[in-house]
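>
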Amino acid sequence: MSQPAPPLAQAFDHWLAHQRVAGRLRRGSSEAVYRAMWQALSAWCTAQRPRLRLADLHGEQLLRYLASRHGQQLADGLLTPRYQQRLLSLVRRVQTHEAWRRQQASAGPAQALALVRSAPAGRAAALPAGQPAAQSEPPLHLLPTAVAQLQALLTQAVDGRWQTSRDRCAAALMLGGGLGPGDVRALRLDDAARQPGANGPRWQLAVAANGSAPAHSAPLADWAGAVLGAWLARRAAEGIGGPWLLPSTRSGKPWGKVAQYVAAQRVLADAGLPDAGGGSFPLRHSFALRQLQHGHGADTVAGWLGITDPQVMLRYQHVLAGWPSAARNEASSARPWPV
Numbered sequence: 000m001s002q003p004a005p006p007l008a009q010a011f012d013h014w015l016a017h018q019r020v021a022g023r024l025r026r027g028s029s030e031a032v033y034r035a036m037w038q039a040l041s042a043w044c045t046a047q048r049p050r051l052r053l054a055d056l057h058g059e060q061l062l063r064y065l066a067s068r069h070g071q072q073l074a075d076g077l078l079t080p081r082y083q084q085r086l087l088s089l090v091r092r093v094q095t096h097e098a099w100r101r102q103q104a105s106a107g108p109a110q111a112l113a114l115v116r117s118a119p120a121g122r123a124a125a126l127p128a129g130q131p132a133a134q135s136e137p138p139l140h141l142l143p144t145a146v147a148q149l150q151a152l153l154t155q156a157v158d159g160r161w162q163t164s165r166d167r168c169a170a171a172l173m174l175g176g177g178l179g180p181g182d183v184r185a186l187r188l189d190d191a192a193r194q195p196g197a198n199g200p201r202w203q204l205a206v207a208a209n210g211s212a213p214a215h216s217a218p219l220a221d222w223a224g225a226v227l228g229a230w231l232a233r234r235a236a237e238g239i240g241g242p243w244l245l246p247s248t249r250s251g252k253p254w255g256k257v258a259q260y261v262a263a264q265r266v267l268a269d270a271g272l273p274d275a276g277g278g279s280f281p282l283r284h285s286f287a288l289r290q291l292q293h294g295h296g297a298d299t300v301a302g303w304l305g306i307t308d309p310q311v312m313l314r315y316q317h318v319l320a321g322w323p324s325a326a327r328n329e330a331s332s333a334r335p336w337p338v
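The sequence shown begins at 0 in numbering that gives the first Met the number 0 and counts up by one.
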């Protein structure tokens, strides 16, 4: 029987898994750098007497470690000031996540439900009294009340700038189709098509491969399909050119990462929702939770999201299990299309 992972390695693995689900590690190179940094730190902690734990990694101990490594060649180069800053940030983030994870695990059912019920509309959980805000883990998703609030905005007619229609369409594709920010920027006009359905044609998107996610088909919830249809009509009426479904300019230039991020934050602000961290990825995660909540199978939802790692779906199911039963059991008869 294999031995359990040492606590330091285990804490890092928990944090890393959370970052993958949150969409905060999109490049394999970033993950490799963080892992190399953590392995070097763990080896040093293990060699100390007494052996250092995660909770010991503060002030004096971290200064001792940095001093021991100063000037040495590491996997990604010299121990530069930037490397040191990244290491300190990594330690803080792993400690924060571990504290959050233990708080979630130790909360009794009644306490967990109280946390969910008392959370503000835009946040997934609140902290118990007395716990510093820095110890909380940024929420990965919107609560159902916040989803409804955002959806109400996205389905309103837009009479202003065409960019506002584009921005809200992008948010609708994430909240109503499970796409990530990179997915919506990469969509071309011919990636959107109406497919026949029992209740009439429905919109479906051909999503290109992105990182570890394979190319896949993403059906849209009816309300999101209506938003897409309205955007396409507006796009044609405005004479917007280029092959991209959601271009950045009237001439059709591709939408940049930073510009799309700013636009998503503006949409959330217009809906009266605070920035809960994670950029616009919480919309994708909210889509996944909503489909599970309404009775769609984990394999079906994974296919819509382009997810191949079963641990990601287990994470979603764990989050859903912490919701109040009234919200968790809204499952309608499972339909072959998102809601």
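In this text, a Cβ means the ideal position worked out from N, Cα and C, and glycines have one as well.
(1) Which residues does DSSP pair with N209 in a beta bridge?
(2) Just tell me which of S41, E59, R63 has its CA closest to the CA of L53.
(3) Could you pull the start and end residues of the beta strand (DSSP E) that R50 belongs to?
(4) Can you round the beta-carbon distance between L244 and R187 to whole angstroms, since I take them to be within the 8 angstroms contact cut?
(5) Where do the N-terminal and C-terminal ends of the beta strand (DSSP E) with R193 fall, by residue?
(6) Terminal residues of the continuous alpha helix (DSSP H) containing G228?
(7) CA-CA distance, V32 and L87?
(8) Is the region 191 to 211 touching the region 253 to 267 in the sense that three or more CB pairs, one from each, lie closer than 8 angstroms?
(9) For a test of the three-state rule: what should DSSP assign to A156, helix, strand or coil?
(10) From the DSSP output, in three-state form, read off R249 for me.
(11) Of all the options P337, G294, A232, which has the alpha carbon lying nearest to the alpha carbon of Q316?
(12) How is A197 classed by DSSP in three states: helix, strand or coil?
(13) Is W202 helix, strand or coil by DSSP?
(14) For P218, which of helix, strand or coil comes out of DSSP?
(15) Give the DSSP-derived three-state secondary structure of W243 in the structure shown.
(16) For L141, which residues of its own chain have a beta-carbon under 6 angstroms away from its beta-carbon, when the five flanking residues on both sides are left out?
(17) In whole angstroms, what separates the C-alpha of N209 from that of G296?
(18) What are the boundary residues of the alpha helix (DSSP H) that S285 is part of?
In short:
(1) As a first step, residue 209 must be located in the sequence shown, where it is residue number 210. The partner list for N209 (beta bridge, DSSP) reads A212.
(2) Position 54 of the sequence shown, counting from 1, holds the residue named residue 53. Taking the Cα of L53 as reference, the smallest distance to any Cα among S41, E59, R63 is reached at S41.
(3) For the purposes of this step, residue 50 is identified with residue 51 of the sequence shown, where counting begins at 1. Here R50 belongs to no beta strand (DSSP E), and DSSP marks it neither H nor E.
(4) As a working note, residue 244 is residue 245 in the sequence shown. As a working note, residue 187 is residue 188 in the sequence shown. That belief holds up - the Cβ atoms of L244 and R187 are roughly 6 angstroms apart, short of 8 angstroms.
(5) If you number the sequence shown from 1, residue 193 lands on position 194. Taken as a continuous stretch (DSSP letters only), the beta strand (DSSP E) holding R193 covers 191 to 194.
(6) Residue 228 sits at position 229 when you count from the first residue of the sequence shown. From DSSP, the alpha helix (DSSP H) with G228 extends over 221 to 237.
(7) Looking up residue 32 in the sequence shown gives position 33. Looking up residue 87 in the sequence shown gives position 88. Rounded to the nearest angstrom, the two C-alpha atoms are 14 angstroms apart.
(8) Three or more beta-carbon pairs separated by less than 8 angstroms are not found between the region 253 to 267 and the region 191 to 211, which leaves the two stretches without contact.
(9) Taking the first residue of the sequence shown as position 1, residue 156 is located at position 157. If DSSP states are grouped into helix, strand and coil, A156 belongs with coil.
(10) Within the sequence shown, residue 249 is the residue found at index 250, counting from 1. The answer is coil: DSSP assigns R249 none of H, G, I, E or B.
(11) For the purposes of this step, residue 316 is taken as the residue at position 317 of the sequence shown. Distance check between Q316 and each of P337, G294, A232 places G294 closest, using alpha-carbon atoms only.
(12) As a working mapping, residue 197 is identified with position 198 in the sequence shown. Under the three-state reduction of DSSP, A197 is assigned to coil, being neither helix nor strand.
(13) Sequence index remark: in the sequence shown, residue 202 carries index 203 (1-based). Strand.
(14) Mapped onto the sequence shown, residue 218 falls at position 219. When secondary structure is reduced to three states using DSSP, P218 falls in the strand class.
(15) Along the sequence shown, read from residue 1 onward, the residue named residue 243 stands at position 244. In the structure shown, W243 adopts extended strand secondary structure according to DSSP, grouped into three states.
(16) Sequence index remark: in the sequence shown, residue 141 carries index 142 (1-based). Around L141: P281, S285.
(17) To locate residue 209, count along the sequence shown from 1; it is residue 210. To locate residue 296, count along the sequence shown from 1; it is residue 297. Computed Cα separation, rounded: 23 angstroms.
(18) Stepping through the sequence shown from its first residue, residue 285 is reached at position 286. For S285, the enclosing alpha helix (DSSP H) covers residues 280 to 292.
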